[in-house]
Ligand SMILES: [Zn+2]
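In the working numbering, the protein residues as written are 167 to 431.
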């Protein structure tokens with residue numbers, strides 16, 4: 167069976183508390199041989215490091231999601247650096263900018279939240295640069311700014327723009343900036359022709375696969391809780407869209423992930 171990696175999962179979320187062992191076992195059974203668990207807060211980053219210690223197939227990426235930036239300390243560099251040095255930590259993130267879910271806020275609060283996001287994004291790019299790690303980038307309605315800040319760190323760290331849902335033109339912009347994209351179950355949604363066009367436009371070796379579970383289950387599980395095993399259905403769909411074999415897709419996406427995430431074996 168062709169192996170695949172889930173390069174973006176949130177197994178530390180409460181959605182998985184009741185049946186975590188079974189979830190990891192189902193992934194292994196489906197040929198998903200590596201699961202990268204991504205931190206969204208400092209506390210969550212500690213949890214994903216623990217999960218990596220507990221399950222051989224799990225690796226950790228540590229960082230603070232932009233939507234949590236204003237809830238964390240002003241300076242996360244010391245704690246994040248310490249976390250990033252733990253065994254099986256292979257990247258920094260998810261970090262980035264999110265101008266979408268800002269909620270109902272006064273102009274002053276908005277400015278505060280935005281400036282905290284910008285500050286923590288740069289702090290995480292600095293930590294990644296100083297440790298020689300790459301970054302998982304979350305952006306929503308902030309594509310150009312997220313990419314131009316990342317560009318300042320070119321040569322020191324790279325990013326993967328995860329859950330890629332923009333256009334083929336934007337995908338090529340990411341690659342031209344020396345970074346990568348990764349695709350979720352959204353790729354299988356009927357309405358997501360732009361995402362399939364983006365997938366069609368990027369060469370093998372420049373993209374990875376992910377679930378972003380518990381969110382975004384691919385067809386035929388759409389609307390249900392997503393889990394890493396469903397990378398199998400995603401991979402089958404992606405191989406169809408790319409017109410390649412599952413073995414080719416497996417080789418390319420796993421090699422890309424190993425090259426991008428330092429220490430991922
Ligand atoms: Zn995520």
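Note that CB positions come from ideal geometry on N, CA and C, so glycine has one too.
C-beta neighbour in chain D for residue i, strict 8 Å
i: residue 260; result: Although the question refers to chain D, the structure presented lacks it and comprises just one protein chain.
Residue i CB to nearest heavy atom of ligand 1 below 7 Å
i: residue 181; result: no
i: residue 352; result: no
i: residue 292; result: no
i: residue 204; result: yes
i: residue 311; result: no
i: residue 236; result: no
i: residue 260; result: yes
i: residue 378; result: yes
i: residue 176; result: yes
Terminal residues of the beta strand (DSSP E) in which residue i lies
i: residue 419; result: Taken as a continuous stretch (DSSP letters only), residue 419 belongs to no beta strand (DSSP E), being part of the alpha helix (DSSP H) at 412 to 426.
i: residue 226; result: 224 to 228
i: residue 375; result: 373 to 375
Buried versus exposed, by CB contacts within 10 Å (16 or more), residue i
i: residue 130; result: Nothing about residue 130 can be reported from this structure: the residues present for the chain run from 167 to 431 only.
i: residue 314; result: exposed
i: residue 354; result: buried
i: residue 260; result: buried
i: residue 172; result: buried
i: residue 317; result: exposed
i: residue 262; result: buried
Residue i: first and last residue of the uninterrupted alpha helix (DSSP H) it sits in
i: residue 402; result: 397 to 408
i: residue 363; result: 359 to 367
i: residue 216; result: 208 to 220
### Message
Tell me whether the region 207 to 216 and the region 180 to 187 touch, counting them as touching only if at least three CB pairs, one residue from each stretch, are closer than 8 Å.
### Response
no
### Query
Between the region 359 to 377 and the region 333 to 344, are three or more C-beta pairs nearer than 8 Å?
yes
### Query
Is there contact here, the region 236 to 247 with the region 290 to 302, by at least three beta-carbon pairs under 8 Å?
yes
### Task
Only counting runs of 3 or more residues, tell me where the beta strand (DSSP E) segments fall wholly within the region 241 to 281, in order along the chain.
255 to 264
### Task
Report yes or no: do the region 316 to 331 and the region 349 to 365 share at least 3 C-beta pairs separated by less than 8 Å?
yes
#### Entry: Runs of alpha helix (DSSP H) lying entirely within the region 269 to 350, each at least 4 residues, in chain order
273 to 297, 309 to 317, 334 to 342
### Message
If we require 4 or more residues per run, which alpha helix (DSSP H) segments fall completely within the region 171 to 204?
### Response
As summarised for the region 171 to 204, the continuous alpha helix (DSSP H) elements at least 4 residues long and confined to that stretch are 186 to 195, given in chain order.
### Meets three-Cβ-pair contact criterion under 8 Å: the region 395 to 403 and the region 189 to 207
yes
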